[in-house]
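Enquirer: Sharing a structure here in structure tokens format.
Residue numbers (this note's numbering), protein chains in the order written: chain A, 1 to 257; chain B, 1001 to 1257.
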């Protein structure tokens, strides 16, 4: 189960690259397989459309159970809102003896929240959480409770799946929940197409966070009450969340960083 | 500001490897520089001890302001409990004109929570948060409030800096806060030396989470109420948090995974 990272091959780990090279079969969402370019000689390519997640995983497990070396390809990190959890969920629920014999390796990758953070500075510099706003698979009250907890805990919040073609209400509700507990000028980072042509990154205020500014490919990072903007030498701006070191510069830390 | 990932060179991105190769100066915690092996010909190495974070960052910015190509080296992801936030914090607070002219790139890396998750399955498969238990730089009431919020929101919780040589009370308190809101048999993943010789990974129950099982190099992942154990074919076990796809296998998802 291979994480490609957020797009650029520069962000793909050697472990992921090696897993792709040694695979007999590449299974994944068509767009991600296309990003990899043509398969190597002898490699079979099994491309799926969006919304066929369970079919993709079943196909990958079936091929692996036949003895093939299968790379189930995900963008970002397979363990963060991608395919790894579904692999184990299907293994667990369907309890198929042939699948159970398959040796599985999860190959981690850079997730969108990390790429977005790196491009804009260090907004995740202190405690943070990740919440998916997709209510296709999670009841909205569960998501709402998570957002309220994230607001109560003053976490920096990474919003995955902020909107879809048919769904924008959730982002407006999330912005409202967070706005009730942090200032309207809290920095919000909108990042799109990270590491791909057309990469866009913008910083807006929480007050300005409306669904029309965001699409399916955007990741949204909402700062905590400690998150700050900082002018860059080149006219742009950084966003960072201090961990507090500078405030206690005279005090020694015993924790590794 | 370069993230090495959790140890294994296999988890180091090509962007990070290139930044290390092209640096004139490597600045970082001695242990991480040692892991990189000897510097390339002509590269200067500036090794610091634990607890000298601000000194490391100042040295890196001073060298860069002199026109050197500096790699400030961090383990994991520089943006997640590592040096990136401190770079921007010092830039902001000290407002030095020479530092402001320095061009900064943050190079993301695989963080310990991702490596631990990948090794054990997909425990971060749904919404999660990261909390550092170090109260050297953050007042304990703030950390406690975050833990309570994480418990209220039923997040999977990654605990960074769970203990130190002088500090173990915080982990016991964190376990207590989480145990009040989730079952005692909730899976907890303890991972140590990820991607390095001596890698250890264990799964215990939340009821068994006591400071003596954990050291400074351990990352702790506490499952949510949905997190499950699954027997592996080889006698070991996986841990995963379902996202809910399998429960709605007939329902199409429009969100990319």
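Beta carbons: idealized from backbone N, C-alpha and C, even for Gly.
These numbers come from a predicted model, not from an experiment.
Is residue 110 of chain A close to chain B? Criterion is C-beta to C-beta, closer than 8 Å.
Expert: Locating residue 110 of chain A in the first chain gives position 110, counting from the first residue. It does; some Cβ of chain B falls within 8 Å.
Enquirer: Is the CB of residue 114 of chain A under 8 Å away from at least one CB in chain B?
Expert: Position 114 of the first chain, counting from 1, holds the residue named residue 114 of chain A. Answer yes: the Cβ-Cβ gap between residue 114 of chain A and chain B drops below 8 Å somewhere.
Enquirer: In whole angstroms, what is the alpha-carbon distance linking residue 190 of chain A and residue 111 of chain A?
Expert: Here residue 190 of chain A refers to the residue found at position 190 when the first chain is read from its first residue. Here residue 111 of chain A refers to the residue found at position 111 when the first chain is read from its first residue. Taking C-alpha positions only, residue 190 of chain A is separated from residue 111 of chain A by approximately 15 Å.
Enquirer: Secondary structure at residue 42 of chain A, three-state DSSP: helix, strand or coil?
Expert: For the purposes of this step, residue 42 of chain A is identified with residue 42 of the first chain, where counting begins at 1. In this structure, DSSP gives residue 42 of chain A a state outside helix and strand, which the three-state scheme calls coil.
Enquirer: Once you ignore the five residues that flank residue 1125 of chain B on each side, which residues in its own chain have a CB closer than 7 Å to its CB?
Expert: Looking up residue 1125 of chain B in the second chain gives position 125. The answer, listed in chain order, is 1240, 1241, 1242 and 1243.
Enquirer: Assuming residue 1109 of chain B contacts residue 1067 of chain B (C-beta within less than 8 Å), just tell me the rounded distance between them.
Expert: Counting from one through the second chain, the residue named residue 1109 of chain B turns up at place 109. Counting from one through the second chain, the residue named residue 1067 of chain B turns up at place 67. With a Cβ gap of about 26 Å, residue 1109 of chain B and residue 1067 of chain B do not count as contacting.
Enquirer: Check the DSSP bridge columns for residue 128 of chain A and list the partner residues they point to.
Expert: As a working note, residue 128 of chain A is residue 128 in the first chain. Residue 128 of chain A pairs with A/156 and B/1130.
Enquirer: Quick one: list the residues of chain B neighbouring residue 240 of chain A, beta-carbon separation under 7 Å, in chain order.
Expert: Taking the first chain and counting its residues from 1, the one referred to as residue 240 of chain A is at position 240. In chain order: 1085, 1088 and 1089.
Enquirer: Note the first and the last residue of the continuous beta strand (DSSP E) segment covering residue 238 of chain A.
Expert: As a position in the first chain, residue 238 of chain A is number 238, starting the count at 1. Looking at the DSSP string, the run of the beta strand (DSSP E) that includes residue 238 of chain A is 237–240.
Enquirer: Between residue 158 of chain A and the rest of its own chain, which residues show a CB-CB distance below 6 Å, the 5 nearest in sequence each way excluded?
Expert: As a first step, residue 158 of chain A is located in the first chain; it is residue number 158 there, counting from the start. Excluding sequence neighbours, residue 158 of chain A sits near 113, 130 and 221.
Enquirer: Would you say residue 14 of chain A lies against chain B (beta-carbon separation less than 8 Å)?
Expert: Numbered from 1 along the first chain, position 14 holds the residue referred to as residue 14 of chain A. Answer yes: the Cβ-Cβ gap between residue 14 of chain A and chain B drops below 8 Å somewhere.
Enquirer: Can you find a CB in chain E that lies within less than 8 Å of the CB of residue 1179 of chain B?
Expert: Considering every chain present, this structure includes no chain E. Its protein chains are A and B.
Enquirer: Give me, in chain order, the residues of the same chain whose beta-carbon lies closer than 8 Å to that of residue 101 of chain A; leave out the 5 immediate sequence neighbours on both sides.
Expert: For the purposes of this step, residue 101 of chain A is taken as residue 101 along the first chain, with counting starting at 1. Excluding sequence neighbours, residue 101 of chain A sits near 65.
Enquirer: Counting along the chain, where does the alpha helix (DSSP H) carrying residue 15 of chain A start and finish?
Expert: In the first chain, the residue the question calls residue 15 of chain A occupies position 15. Here the alpha helix (DSSP H) through residue 15 of chain A covers 14–22.
Enquirer: From the beta carbon of residue 1122 of chain B, is the nearest beta carbon of chain A less than 8 Å away?
Expert: Taking the first residue of the second chain as position 1, residue 1122 of chain B is located at position 122. Residue 1122 of chain B counts as touching chain A.
Enquirer: Quick check: the stretch 139–159 of chain A against the stretch 1137–1156 of chain B, are at least 3 beta-carbon pairs closer than 8 Å?
Expert: yes
Enquirer: Is it a yes or a no for the stretch 1075–1092 of chain B touching the stretch 33–52 of chain A, going by three-plus beta-carbon pairs under 8 Å?
Expert: no
Enquirer: Look up residue 176 of chain A in the DSSP assignment and say whether it is helix, strand or coil.
Expert: Within the first chain, residue 176 of chain A is the residue found at index 176, counting from 1. Three-state DSSP puts residue 176 of chain A in a helix.
Enquirer: How would you label residue 1184 of chain B, buried or exposed, when you count the other beta carbons within 10 angstroms and need 16 or more for buried?
Expert: The residue given as residue 1184 of chain B occupies position 184 in the second chain. Residue 1184 of chain B comes out exposed.
Enquirer: Taking the alpha-carbon positions, what's the residue 61 of chain A to residue 45 of chain A distance?
Expert: Within the first chain, numbered from 1, the residue matching residue 61 of chain A stands at position 61. Within the first chain, numbered from 1, the residue matching residue 45 of chain A stands at position 45. Cα to Cα, the separation comes out at about 15 Å.
Enquirer: Count the other CB atoms, across all protein chains shown, that sit within 10 Å of the CB of residue 1078 of chain B; report buried if there are 16 or more and exposed otherwise.
Expert: One-based indexing of the second chain puts residue 1078 of chain B at position 78. Label assigned to residue 1078 of chain B: buried.
Enquirer: Can you find a CB in chain B that lies within less than 8 Å of the CB of residue 251 of chain A?
Expert: Position 251 of the first chain, counted from the first residue, corresponds to residue 251 of chain A. Annotation note: pLDDT 43 at residue 251 of chain A (below 50); position unreliable, coordinate value reported separately. It does; some Cβ of chain B falls within 8 Å.
Enquirer: Does residue 7 of chain A have its Cβ less than 8 Å from a Cβ in chain B?
Expert: Locating residue 7 of chain A in the first chain gives position 7, counting from the first residue. With 8 Å as the cut-off, residue 7 of chain A does not count as an interface residue toward chain B.
Enquirer: Going by C-alpha to C-alpha distance, which of B/1005, B/1211 and B/1145 sits closest to residue 1116 of chain B?
Expert: Numbered from its first residue, the second chain carries residue 1116 of chain B at position 116. Considering only alpha carbons, the answer is B/1005.
Enquirer: Which one of A/83, A/143, A/167 and A/123 has the shortest CA to CA distance from residue 56 of chain A?
Expert: Within the first chain, residue 56 of chain A is the residue found at index 56, counting from 1. Of the listed residues, the one whose Cα sits closest to residue 56 of chain A is A/83.
Enquirer: Can you tell me the Cα-Cα spacing of residue 187 of chain A and residue 216 of chain A, whole angstroms?
Expert: The residue given as residue 187 of chain A occupies position 187 in the first chain. The residue given as residue 216 of chain A occupies position 216 in the first chain. For residue 187 of chain A and residue 216 of chain A, the distance between alpha carbons rounds to 20 Å.
Enquirer: Whole angstroms is fine: what's the gap from residue 97 of chain A's alpha carbon to residue 1121 of chain B's?
Expert: As a first step, residue 97 of chain A is located in the first chain; it is residue number 97 there, counting from the start. As a first step, residue 1121 of chain B is located in the second chain; it is residue number 121 there, counting from the start. In a straight line, the C-alpha of residue 97 of chain A is about 19 Å away from that of residue 1121 of chain B.
Enquirer: What three-state label does DSSP hand residue 228 of chain A in the structure shown?
Expert: Here residue 228 of chain A refers to the residue found at position 228 of the first chain. Three-state DSSP puts residue 228 of chain A in a strand.
Enquirer: Below 8 Å on the Cβ atoms is my guess for residue 1032 of chain B versus residue 1073 of chain B; work out the distance and round it to an integer in Å.
Expert: Counting from one through the second chain, the residue named residue 1032 of chain B turns up at place 32. Counting from one through the second chain, the residue named residue 1073 of chain B turns up at place 73. With 8 Å as the limit, residue 1032 of chain B and residue 1073 of chain B qualify as a contact, their Cβ atoms being about 5 Å apart.
Enquirer: Against chain A, does residue 1137 of chain B count as a neighbour if the rule is that its beta carbon must be under 8 Å from one of theirs?
Expert: By one-based count along the second chain, residue 1137 of chain B stands at place 137. Chain A contact via Cβ: present.
Enquirer: Sort out for me which residues DSSP pairs residue 187 of chain A with in a bridge.
Expert: Residue numbering aside, residue 187 of chain A sits at position 187 when the first chain is read from its first letter. For residue 187 of chain A, which the question treats as bridged, DSSP gives the partners A/205.
Enquirer: Under 8 Å between the Cβ atoms of residue 285 of chain A and residue 69 of chain A?
Expert: This structure cannot settle anything about residue 285 of chain A, because the visible part of chain A is limited to 1 through 257.
Enquirer: Does the beta carbon of residue 1042 of chain B sit closer than 8 Å to a beta carbon anywhere in chain A?
Expert: The residue given as residue 1042 of chain B occupies position 42 in the second chain. By this cut-off, residue 1042 of chain B is not an interface position.
Enquirer: Using a C-beta to C-beta distance shorter than 9 Å, which residues of chain B count as neighbours of residue 100 of chain A?
Expert: The residue given as residue 100 of chain A occupies position 100 in the first chain. Ordered by position in chain B, the residues that pass the 9 Å Cβ test against residue 100 of chain A are 1231, 1232 and 1233.
Enquirer: From residue 254 of chain A to residue 218 of chain A, what does the alpha carbon distance come to, in whole angstroms?
Expert: Position 254 of the first chain, counted from the start, is the residue given in the question as residue 254 of chain A. Position 218 of the first chain, counted from the start, is the residue given in the question as residue 218 of chain A. With a pLDDT of 41 at residue 254 of chain A, under the threshold of 50, the modelled position of this residue cannot be trusted; read the value that follows with caution. Between residue 254 of chain A and residue 218 of chain A, the C-alpha separation is close to 37 Å.
Enquirer: Using the Cβ count rule (16 or more neighbours within 10 Å means buried), how would you classify residue 212 of chain A?
Expert: For the purposes of this step, residue 212 of chain A is taken as residue 212 along the first chain, with counting starting at 1. Result: exposed.
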